[in-house]
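Number of protein chains: 4
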Amino acid sequence: MVINMASNSTEAELQHVIDRIKECGFTPHVTRGSERAIVAAVGSGGNRSALEALKAAPGVEDVVPIAHPFKLVSRQTRSGRTRVQVGEVCIGGDEAVVIAGPCSVESREQLFSTARGIKAAGATMLRGGAYKPRTSPYDFQGLGVEALRLLREVREETGLPIVTEVMSTEDIDVISEHADMLQVGARNMQNFALLRQLAKVDKPILLKRGPSASVKEWLLAAEYLLAGGNPNVVLCERGIKTFETEMRNTLDLAAVALARELSHLPVIVDPSHGTGRRDLIQPASRAALAIGADGLIIEVHPCPERALSDGAQSLNLEEFAKVMASLSAPLRSVAAAFAAQA
Amino acid sequence: MVINMASNSTEAELQHVIDRIKECGFTPHVTRGSERAIVAAVGSGGNRSALEALKAAPGVEDVVPIAHPFKLVSRQTRSGRTRVQVGEVCIGGDEAVVIAGPCSVESREQLFSTARGIKAAGATMLRGGAYKPRTSPYDFQGLGVEALRLLREVREETGLPIVTEVMSTEDIDVISEHADMLQVGARNMQNFALLRQLAKVDKPILLKRGPSASVKEWLLAAEYLLAGGNPNVVLCERGIKTFETEMRNTLDLAAVALARELSHLPVIVDPSHGTGRRDLIQPASRAALAIGADGLIIEVHPCPERALSDGAQSLNLEEFAKVMASLSAPLRSVAAAFAAQA
Amino acid sequence: MVINMASNSTEAELQHVIDRIKECGFTPHVTRGSERAIVAAVGSGGNRSALEALKAAPGVEDVVPIAHPFKLVSRQTRSGRTRVQVGEVCIGGDEAVVIAGPCSVESREQLFSTARGIKAAGATMLRGGAYKPRTSPYDFQGLGVEALRLLREVREETGLPIVTEVMSTEDIDVISEHADMLQVGARNMQNFALLRQLAKVDKPILLKRGPSASVKEWLLAAEYLLAGGNPNVVLCERGIKTFETEMRNTLDLAAVALARELSHLPVIVDPSHGTGRRDLIQPASRAALAIGADGLIIEVHPCPERALSDGAQSLNLEEFAKVMASLSAPLRSVAAAFAAQA
Amino acid sequence: MVINMASNSTEAELQHVIDRIKECGFTPHVTRGSERAIVAAVGSGGNRSALEALKAAPGVEDVVPIAHPFKLVSRQTRSGRTRVQVGEVCIGGDEAVVIAGPCSVESREQLFSTARGIKAAGATMLRGGAYKPRTSPYDFQGLGVEALRLLREVREETGLPIVTEVMSTEDIDVISEHADMLQVGARNMQNFALLRQLAKVDKPILLKRGPSASVKEWLLAAEYLLAGGNPNVVLCERGIKTFETEMRNTLDLAAVALARELSHLPVIVDPSHGTGRRDLIQPASRAALAIGADGLIIEVHPCPERALSDGAQSLNLEEFAKVMASLSAPLRSVAAAFAAQA
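Each protein sequence line maps, in turn, to chains A, B, C and D.
Each number in the working numbering corresponds to the 1-based position in the first sequence with 1 added.
Each number in the working numbering corresponds to the 1-based position in the second sequence with 1 added.
Each number in the working numbering corresponds to the 1-based position in the third sequence with 1 added.
Each number in the working numbering corresponds to the 1-based position in the fourth sequence with 1 added.
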């Protein structure tokens, strides 16, 4: 941290800041400029958060953080890249993975036909919502345990590992029993009570970026999971909220490259939520792989116009197969190229 | 909903849309323009969400919602304004209320001195965090049940009703035992599992607006509470995330007027989080009352520079007393003026 | 500036940074931490922009500015508040001013009836567009010189000083001949060629904040005017672009208080563009005055539904008179109260 | 347009809307729902902007546009893709182009060494600023005509066509004399006075997207150029402003795919401004090509840490050569693949 004193601050105020820095467990280094003094607080064992409160001390103009606040997720902690194993599937390895499936599990028929279709097209994991976060209380909220049972059943048939969203600490146990990977939805990225419980679970976690979360905040949410004991975390970029209205969200692909640079965790991309438009899923998927994403998660429904949720951004099985065909080369080579480079 | 057909869509595609609208429980009305057809789906009993999925039907360019999606929170449902009673305090009545207190309960001494100070200055409710949502897992996370006990004790002495944040469904029972009002934090505004449980609680709820929630999404979050059985909801504007970096958030005061126009629920303002700057709390509070807010919630700490959280935006007791003095006239008259007008 | 070295940087890289800081005219002060070194560049006469480029030097992780980059607009340069005289009207004095009028001058009749109406209601300056910046080339672009002549004529009758927008350096001369104050529109806030010419004009300037300009960028745009020789600048907050769609812009009222704290220039508020909704203009105007704005600029049209531009956010004359009546007390007292305080 | 009547509107108000729609040159079609009526205004010859003002008519709740407001830039107007010829270079053809060069022309030596270096690495056009838009008046503002002369000279030697920014209508003539392509900078995207003059110039235009411009607004800015007579327009995505602070802007790559879908104009990407980080330029460039961009524009400087502007985001010549080597395959094949597909 650097504490920036106001230009009209007094010596006594400066001394007070110096004393507080010591109390907080850091070493102060003062630099006197022509107009103002700045004080660097040096050390790593102290209480960062207490330093930030110095912004309220008399004579202080600003407190500017210098180092990143995350540790375990950082590439400075771990030089290699993390690989997360989900059943037979490895996320973060040489091949990019494709997770596909419906927004919500709606029925046995819908789920089985989707699962068979995406497997035939080359997807290696199945997504499907059992508990759905919906903006309106009057929208379809998911089939709950019934959906979980169907997901388990379809995995037995197809062999595809299952990822599904967990919205509440109360559902963690039952979902862990049925699913292979637990998803934290974008709107729950900073649901710290949920993160703390998921840190104790013996399942990998798919952590979606919040719609207004900075890359730092996203990595700090992952830090909750690692710090609590769960190292198997996959990050997922799914678009952020901006002023643009033609697309549901603004897909922040550069954040994928940045997250991979700052962290050793794998990063996948959700072009379905990221754009909200079926016509943009193929080009957005290509770009995601080109920028180094470790995989994709794509919404697929046998009949999108009858989907109970997210129909407008879901591909049908034929469209999905076409997208997969157009991606087949990058899926194998791009990730490998980046792995070689890293 | 209005379904906007693409300019090159076929008659068969149009007929398909007409059929689907009927299946969804609405009546279709077709308007043929020079370049394209549009179809209005009329009625109120049908499945809105199913209509939205028509965006995925062949020949459809866009589906545009016409009516607002919320019901119970709407002023069209209830013409008068809701008053929420919290102990002796009425939020939404003729006088604007001021809730004040520390971000986190840190100790008996800190809490009692704050509570006595804010009461002396004219505040009528006490805030204080027991369970804290913190961006970093390494920051102070709150004293939990111990804090709840202290809050209850200080209420016995001062008579000030207590509002405190609930972060998880698991904590609802114990918090309900100790507090008078339960707060849903900004980052949990769309934690629907939490909202559904709080809808069943016999305590009023303070619902903070999410940092990237539109006014519509905020009202739909409140709709979860009303639809689930809890009519005692107070909305709280606390700033949204924008590109501006000089302030922690952008305080969206016009949204207060808009929320009061669209809904009958009371709306209060949090200038502490809304600006993140101690120097802006007084002018932002004045403006909040002038735009019709039903109250304020302000962070106060006996020694902000030693606060374990949010020190930079907390007032000390003397500063808070000054702010209260400068607000005394508007606190009484402005809300009344608006009430008269409404 | 503080130069933050990477944790794995070398001594040679550090020495290089030290050398460059000296070359740029600053004095380097090195602080060695447990993990990394930071270097403060002290002094005020050097080349800030050259220091920023050090971000590209080997071993440098980040370059963090400490002091604000503006000078002449700063309150540190001038302790009193600037008053800008426009004809008989003083902006920045004890009374808040109200500027009103149509978005565009459309006809003699429209302009004269508006001018008479707003004067009767208490406005003291007239706005009216002659050259209009329109998002689409197919929309009404203004009457140009004809509008300027009408504005001059209506001033002769009513005595109201005129403010009108200048979109191009080529129009500066003719507009200066006819108008009393020249407006830089939001979309031209960073049209530096225009600012540089306006700095040489002997007329006061109304500088609107850009829809995505930070407060710092806004003040730096004003710095162009002051540095080029024109001290008579009034800032105007008119809303910024965010994800919210119910309002045309998000009116950033806290930025008004912040701009008044950082700068000695007067700040007025445009609730018409700031909200884009006629129903929010009265409450937003009240809040603007309460937060310390030196005045308001409001769009008024005799028949908003027939306006050639911005009809949706324009008040008719009767509505405007009502707003003025409800503001009469704050117009006189609030500004005075803030002036006393400052 | 669809006019949405308020639920409590009267028959007279509805009739008034119907009459106004006719006056504006459209045909009204009324649909009466259970709660409200909506009126579609059908036709293409009428005055859209006048219809929008109906939002201010009594009984009207909202006016919702249905069709896109742009015409000449639309793919519905022209089915093939536009190719823009700049000297020998074709933008929008089978091969993606790379434009490279310094942010500002600083000296003969700097410019010539950069031009030779980027040509050797495979770039086919040179960028270089003569007139610089700078946030602060105290930053380097460009060498002006001297820079133009140097650019012309370096073209004679290298054969690379030149693109440089025009900030003011006054500079159009002199820049047109020296440069092959004129750039409209992001902050001038809605400088309509400038656009109108550039529409009359016999040079191709590079139109950067504004930092807070929606895709629609960007295309409407291009519409100014085409409607005014200049069909040779290349769009350039360079990042938008969001809350993210780790990158200078948020590069909106999906907008590239969307712009190419809505318009026949070529679209290139500026990863330098789009990310503001040298370390992200290579992956962002790969992704840009993968999503279908027709080219790249990259900032290169012989010694970025001594650059007078944008050093932090500029590559040195060696780094640029590496990026070019890693892109060589996609530069040839990707654009061709997309062209085949379109």
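Glycine included, each C-beta is placed from N, C-alpha and C at the ideal position.
Pop quiz: residue i and residue j are said to be a contact at Cβ under 8 Å. What is the actual Cβ separation, rounded to whole angstroms?
i: A276 (chain A); j: A255 (chain D); result: Position check: residue 276 (chain A) holds Thr in this sequence, whereas Ala was assumed. The Cβ separation is near 5 Å, so the contact holds.
i: F141 (chain B); j: S310 (chain B); result: 6 Å
i: I269 (chain D); j: D253 (chain D); result: The Cβ separation is near 14 Å, so there is no contact.
i: L208 (chain A); j: V234 (chain A); result: 6 Å
i: I4 (chain A); j: R128 (chain A); result: Actually they do not touch by this definition, with Cβ atoms about 47 Å apart.
i: E306 (chain C); j: L15 (chain D); result: That belief does not hold up - the Cβ atoms of E306 (chain C) and L15 (chain D) are roughly 14 Å apart, past 8 Å.
Is residue i helix, strand or coil when you go by DSSP?
i: S329 (chain A); result: helix
i: M2 (chain A); result: coil
i: E89 (chain B); result: coil
i: E107 (chain C); result: coil
i: A337 (chain B); result: Low per-residue confidence applies at A337 (chain B): pLDDT is 47, beneath 50, and the placement is therefore not dependable, though the value from the model is reported in the following sentence. It is helical.
i: V301 (chain A); result: strand
i: L208 (chain D); result: strand
i: L183 (chain C); result: strand
Is it buried or exposed for residue i, if we count other Cβ within 10 angstroms and need 16 for buried?
i: S315 (chain A); result: buried
i: A291 (chain D); result: buried
i: E300 (chain D); result: buried
i: A326 (chain A); result: exposed
i: N347 (chain D); result: Because chain D is modelled from 2 through 343, residue 347 (chain D) falls outside the range shown and cannot be assessed.
i: E53 (chain A); result: buried
i: E319 (chain A); result: exposed
Shortest alpha-carbon distance to residue i belongs to which of the options?
i: D280 (chain A); options: B:L227, B:D63, B:A68 and B:I269; result: B:D63
i: S35 (chain D); options: B:T28, B:V40, B:S35 and B:T32; result: B:T28
i: H179 (chain B); options: B:V74, B:K204, B:N192 and B:P103; result: B:K204
i: G145 (chain D); options: D:T115, D:S137 and D:V106; result: D:V106
i: V87 (chain A); options: A:W219, A:R76 and A:D181; result: A:D181
i: I67 (chain C); options: C:V61, C:G118, C:T78 and C:R49; result: C:R49
i: L263 (chain A); options: A:V3, A:T78 and A:V40; result: A:T78
i: N231 (chain A); options: A:I282, A:R278, A:I39 and A:Q198; result: A:Q198
i: T83 (chain B); options: B:A38, B:A51, B:R261 and B:K120; result: B:R261
i: A121 (chain D); options: D:I92, D:G130, D:Y132 and D:G160; result: D:G160
i: Q191 (chain A); options: B:P138, B:C25 and B:G240; result: B:P138
i: A214 (chain C); options: C:M126, C:A187 and C:L227; result: C:A187
Using only the alpha-carbon positions, how far apart do residue i and residue j sit?
i: D95 (chain D); j: G123 (chain D); result: 16 Å
i: E157 (chain C); j: L266 (chain C); result: 29 Å
i: L195 (chain D); j: A223 (chain D); result: 12 Å
i: A148 (chain D); j: A101 (chain D); result: 16 Å
i: P175 (chain A); j: D271 (chain A); result: Before going further, note that residue 175 (chain A) is Val rather than Pro in the sequence given. The straight-line gap from Cα to Cα measures roughly 25 Å.
i: A13 (chain B); j: A308 (chain A); result: 21 Å
i: T251 (chain D); j: P134 (chain D); result: 20 Å
i: K201 (chain D); j: G229 (chain D); result: 6 Å
i: S395 (chain C); j: R153 (chain C); result: Absent from the structure is residue 395 (chain C), since the part of chain C shown begins at 2 and ends at 343.
i: V65 (chain B); j: V31 (chain B); result: 15 Å
i: V99 (chain D); j: G118 (chain D); result: 13 Å
i: W219 (chain A); j: F244 (chain D); result: 13 Å
i: Q111 (chain A); j: C104 (chain A); result: 11 Å
i: G93 (chain D); j: V85 (chain D); result: 6 Å
i: A288 (chain C); j: Q283 (chain B); result: 13 Å
Would you say residue i touches the ligand HEM, meaning its beta carbon is less than 6 Å from a heavy atom?
i: R135 (chain D); result: The model on display carries no ligand, and the ligand HEM is accordingly not part of it.
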